[in-house]
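In our numbering, the protein residues as written are 405 to 640.
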Amino acid sequence: MFTVALIGPDGAGKTTVARRLERALGLPVRYLYMGVNPTSSNRLLPTTRLVRAIRRARGRAPEAGPPDPARAARRPKGALGRASAEARAWLRLLNRLAEETYRQALAWVYLRRGAIVLFDRHFLVDYYATDVVGVGRPLTRRIHGLFLSRIYPRPDLVIYLDAPPEMLLARKGEGTLETLARRRREYLDLADRMPEFAVVDAGLPADDVTAAVGELIRDFAASRAARRGSAATPRG
405 MFTVALIGPD GAGKTTVARR LERALGLPVR YLYMGVNPTS SNRLLPTTRL VRAIRRARGR
465 APEAGPPDPA RAARRPKGAL GRASAEARAW LRLLNRLAEE TYRQALAWVY LRRGAIVLFD
525 RHFLVDYYAT DVVGVGRPLT RRIHGLFLSR IYPRPDLVIY LDAPPEMLLA RKGEGTLETL
585 ARRRREYLDL ADRMPEFAVV DAGLPADDVT AAVGELIRDF AASRAARRGS AATPRG
């Protein structure tokens with residue numbers, strides 16, 4: 405079949421829509437979380453679970469969403485502090501690459517079994533502003549950005565659940581209108597970088613959003629089937 409990524413900010417309803425469609429689309433669907441929050445992931449490598457446990461033991465919260473490009477990381481003081489931070493950055497990179505490769509491998513398995521793979525978020529989208537095009541990126545982030553932009557497969561269809569910043573702030577109470585508006589622009593800027601990109605109004609009732617996304621997926625499946633049928637028809 406093919407892959408579909410549901411993208412959008414926190415509060416847009418990605419997971420709700422994806423889980424509903426998993427049961428109601430009427431086509432074989434496998435759900436796969438493709439974001440950075442380990443607590444939301446339905447598949448994780450043991451190394452990622454270990455990193456999560458270490459962060460929790462140190463009193464640090466797990467990554468819960470895309471990194472904020474407006475926040476500058478504090479530079480550690482002293483040579484030892486900088487060396488330790490650099491080592492942790494390389495370990496995070498290696499684990500991140502392994503985790504992202506693992507989840508893509510799962511997607512390939514589901515595809516070979518004839519399923520539509522429904523991604524909740526996507527790593528390329530989550531890290532695009534910081535690791536692919538971000539200014540002043542450290543080497544580990546540049547390597548990660550090259551991996552995502554040059555090697556990592558793009559979804560066949562991307563559906564962006566769009567909502568005004570005011571609505572998102574009212575739903576989640578997180579961030580500011582400025583950061584939410586900037587993130588919205590970043591999502592829309594990705595339209596030209598994806599094979600197929602569609603926008604659905606996430607401000608509609610949940611049933612209507614689910615129906616609109618389902619219709620897009622079914623139409624995409626029908627168009628792919630028609631193209632395959634046309635290519636298989638002998639000429640003469």
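Don't be surprised by glycine CBs; every beta carbon is placed ideally from N, CA and C.
In the DSSP assignment, T580 falls outside any beta strand (DSSP E), carrying neither H nor E.
Burial state of S445 is buried, judged by a 10 Å Cβ sphere holding 16 or more other Cβ atoms. In the structure shown, R434 falls within a strand segment according to DSSP collapsed to helix, strand and coil. Per DSSP, V521 lies in no alpha helix (DSSP H) segment; the continuous beta strand (DSSP E) that holds it begins and ends at 520-524. Collapsing the DSSP output to three states places V604 in a strand. Runs of the beta strand (DSSP E) spanning 3 or more residues and lying entirely within the stretch 484-555 occur at 520-524, in chain order. Annotated three-state conformation of A567 is coil, per DSSP.
Separation of L501 and V529 (C-alpha to C-alpha, rounded to the nearest whole angstrom) is 15 Å.
D524 is positioned such that its CB atom lies closer than 7 Å to that of K418. Under the three-state reduction of DSSP, A409 is assigned to strand.
T534 and A493 have their C-alpha atoms roughly 15 Å apart.
Of the residues R507, R496, P568, R545, the one whose Cα lies closest to the Cα of T407 is R507. Contact between L436 and R447 holds: their C-beta atoms lie close to 7 Å from each other, under 8 Å. For the 7 Å CB-CB criterion, N499 and T451 form a contact. Straight-line spacing of the CA atoms in L425 and D611 works out to 11 Å. Pairwise C-beta distances place the stretch 577-595 out of contact with the stretch 614-623, as fewer than three of them are shorter than 8 Å. Spatial neighbours of L510 in its own chain (CB-CB distance under 8 Å, excluding positions within 5 residues in sequence) are listed in chain order as L436, R447. Per DSSP, the beta-bridge partners of V562 are A409, F601. In this structure, V433 lies away from L561, with their beta-carbon atoms at least 7 Å apart.
Of I621, S553, P413, G633, the smallest CA-CA separation from A519 is found for I621. For V421, the uninterrupted alpha helix (DSSP H) segment begins and ends at 418-428. Counting only residues of its own chain and dropping the five nearest sequence neighbours on each side, G607 has a CB closer than 6 Å to the CB of A567, M571. Beyond the five residues adjoining it in sequence on each side, A422 comes within less than 6 Å, by CB distance, of L410, Y435, L522, D524 in the same chain, given in chain order.
Distance between R456 and P442, taken at the CA atoms: about 7 Å.
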